[in-house]
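Visitor: Please find one structure pasted underneath; my questions will follow.
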Amino acid sequence: MPHIGNRQYFLQHLAQTSDSPLLLEIERAEGHFLFDASGKKYLDLISGISVSSLGHRHPKVLDAIQNQLDKYMHLMVYGEVVQHPQVQLAEALSKVLPPNLDNFYFVNSGSEAIEGAMKLAKRFTGRSVFIAQKNAYHGGTQGALSLMSNAYYSDPYRPLLPNIQFIEAGDTEALSEITENPAAVVLELIQAEKGAVPVSKEYIKSVREFCSRTGALLIIDEIQTGMGRTGTMFAFEQFGVVPDILVLGKALGGGMPMGAFIAARGVMQCLSENPVLGHITTFGGHPVCCAAAAAAVNTTNENLQNFRVAEKEILFRENLVHPKIKNISGMGLLLAAHLDSEKTCKKLIRSALDEGVFTDWFLYAPDALRIAPPLSITDDEIVQTCRVLIKLLNS
Ligand code: PMP
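Just add 156 to wherever you are in the sequence shown, counting from 1, and you've got my numbering.
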């Protein structure tokens, strides 16, 4: 058998997603750091794309996984038997969500959660039109891909779902020109892959009004912004809006694969009648993942004040000042440092790796450096990391 770190085997036998993978061989990860085969350590500035918000291998998450492993793993397809970790996770989430978001469908990924949310909106409203935002990212499956305007990524897979209308996030006029009542408006409060660009509160207010007036559901994708990343458990708390369907993923599982779409019970019921089995999944709500997620939700909630996300945002902003940094967008610890060119950004990412800082760019903003570290990153680590980045920009 080839050694796990065998690059040639990886390149030849594992499906590749680009022609230029990083090829870093990580042997272990702990807290805020990744360690490669030589023992070199890297500060994780991106948390596996907003997943390891509690850091790697958080003890509370490990304990929950271990406890559950000692009881059972898979029992039965989703929804048939009462699984304690699912109930525990629903209870943990109920404590941090408004009363209308009281019914949980647990799935395997962010993309599947988006698919479920779309199906639910179609069933509940009996309509098929969706309003999506230009430059949004919602996932890799075909329903999610249909909600994405970027032709480079979606055109090769057409035909996708029909009846999707795209508007510019923030374009209230475009919203008012919509004639057909849609099933839902889907949006991210911070367009992450555009380069961490928040939408305005005024726009969100108009969208909420539009949905309430037309009977469309408001689906908010908090796959990247949820679980404390912007300083509150969920970003919607800071935008003065409550969704009809909330979609979660990434950090929800504390490092395990988890997604969820969440709605009022009266809405969710559509999936269990006429026809029954409106969404079915074998592994969705896997007990080990739910146990990890319940620990992640509780731990994040208990530590939200200690994380001081808003102060850490300021620290990044104060320490990342350089002529090659055009601006820093985002909120809390979902930030993008927009550089003067894509070349500068890609060079910075490669050289930061040599200096022990692991980071990345954004799908639709290749000139922007991704800053989404574990929420427990220390002030000292922020200052040191910024120093490294500034030094590299000067070289
Ligand atoms: N929505 C957003 C906002 C995301 O950032 C992502 C993942 N990058 C997804 C959906 C899809 O999640 P997953 O990769 O778990 O399917």
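Where is the CB? At the ideal position from N, CA and C, for every residue including glycine.
Here the structure is a predicted model, which means the values were calculated and not measured.
Does DSSP classify I484 as helix, strand or coil?
Guide: Strand at I484.
Visitor: Would you mind working out which of S362, G326 and S368 sits nearest N569, comparing C-alpha positions?
Guide: No answer is possible for residue 569: the residues shown for the chain start at 157 and end at 551.
Visitor: Using the three-state DSSP reduction, which class does V237 fall into: helix, strand or coil?
Guide: Reduced to three states, the DSSP call for V237 is coil.
Visitor: Among V539, D523 and V341, which one has its Cα closest to the Cα of P529?
Guide: Answer by Cα proximity: V539.
Visitor: Going by Cα to Cα distance, which pick from Y308, P318 and S362 is closest to E333?
Guide: Closest option to E333, Cα to Cα, is S362.
Visitor: Does the Cβ of D535 lie closer than 6 Å to at least one heavy atom of the ligand PMP?
Guide: No.
Visitor: Quick check on Q172: buried or exposed, where buried means 16 or more other Cβ atoms within 10 Å of its Cβ?
Guide: Under this definition Q172 is an exposed residue.
Visitor: Using only CA atoms, which one of I484, I546 and L519 lies nearest to E511?
Guide: Of I484, I546 and L519, the residue nearest in Cα terms is I546.
Visitor: Between V453 and L201, which are expected to be in contact by the criterion C-beta below 8 Å, what is the C-beta distance as a whole number of angstroms?
Guide: Their Cβ separation, rounded to whole angstroms, is 24 Å, which puts V453 and L201 out of contact at 8 Å.
Visitor: Can you name, in chain order, every residue of its own chain whose Cβ lies under 7 Å from the Cβ of M229, other than the five neighbours on each side?
Guide: The residues are P443 and V444.
Visitor: So, L525 versus C542, is the Cβ gap smaller than 7 Å?
Guide: No, the Cβ-Cβ distance between L525 and C542 is not below 7 Å.
Visitor: What do you reckon, is the C-beta of Q380 under 6 Å from a heavy atom of the ligand PMP?
Guide: Yes, the beta carbon of Q380 sits closer than 6 Å to at least one heavy atom of the ligand PMP.
Visitor: Confirm the yes/no value for this check: CB of A552, any heavy atom of the ligand PMP, distance under 6 Å.
Guide: Only positions 157 to 551 of the chain appear in the structure, and residue 552 is not among them; the question remains open.
Visitor: For A135, which residues in the same chain have their Cβ closer than 7 Å to its Cβ, ignoring the five residues on either side in sequence?
Guide: Within the shown structure, residues of the chain are numbered from 157 to 551, placing residue 135 beyond reach of any answer.
Visitor: Kindly identify the DSSP beta-bridge partner or partners of I346.
Guide: Bridge partners of I346: P354.
Visitor: Measure from the alpha carbon of F439 to the alpha carbon of each residue in M414, C426, A330 and S176, then state which is nearest.
Guide: Checked all of M414, C426, A330 and S176; the closest Cα to F439 is M414.
Visitor: Rounded to whole angstroms, what's the CA-CA distance from Y234 to A352? Just pull it up for me.
Guide: Y234 and A352: Cα-Cα distance of roughly 34 Å.
Visitor: Let me confirm a value: N319 is counted as buried when at least 16 other C-beta atoms fall within 10 Å, else exposed. Which label applies?
Guide: Answer is exposed; the Cβ neighbour count stays below 16.
Visitor: Just reading off the alpha helix (DSSP H) that A450 is part of, what are its end residues?
Guide: Counting along the chain, the alpha helix (DSSP H) containing A450 begins and ends at P443 to F463.
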